[in-house]
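Since the structure comes first, as structure tokens, the remarks are kept for the end.
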Amino acid sequence: MSWIAVADPSLAGGLSAQGCDIELLIQDALFERFGTCQPDPNQLQFLHDNGPEYLEKKLQECLKDWKI
Numbered sequence: 004m005s006w007i008a009v010a011d012p013s014l015a016g017g018l019s020a021q022g023c024d025i026e027l028l029i030q031d032a033l034f035e036r037f038g039t040c041q042p043d044p045n046q047l048q049f050l051h052d053n054g055p056e057y058l059e060k061k062l063q064e065c066l067k068d069w070k071i
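Just so we're aligned, residue 4 is where the sequence shown starts under our numbering, counting upward by one.
In structure tokens:
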């Protein structure tokens with residue numbers, strides 16, 4: 004696995020990522036890695052810092068649907 008840092012102007016100036024931003028990032032990463040297939044249950048683990056954007060109910064439901 005590799006990571007690349009990308010400067011996002013929307014996160015500058017004290018603004019933070021929202022749950023919907025994180026949802027889109029994960030969705031894009033899953034599609035890039037698995038295409039139209041879903042990963043096996045418990046194959047992936049989503050680690051976060053328990054910030055409010057990560058605990059958002061809609062994001063949690065998406066993660067469950069994506070078997071993460």
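Cβ coordinates follow ideal geometry from the N, Cα and C atoms, glycine included.
Going by DSSP, G22 is part of the alpha helix (DSSP H) stretching over 22-37.
Apart from the 5 residues on each side of it in sequence, L47 sits with its Cβ closer than 6 angstroms to the Cβ of I71 in its chain, given in chain order. Pairing E64 with I25 gives a Cβ-Cβ distance that is not under 9 angstroms.
According to the DSSP assignment, L62 belongs to the alpha helix (DSSP H) that extends over 60-68. Around the beta carbon of L62, a 10 Å sphere encloses 16 or more other beta carbons of the protein chains shown; the residue is thus reported as buried.
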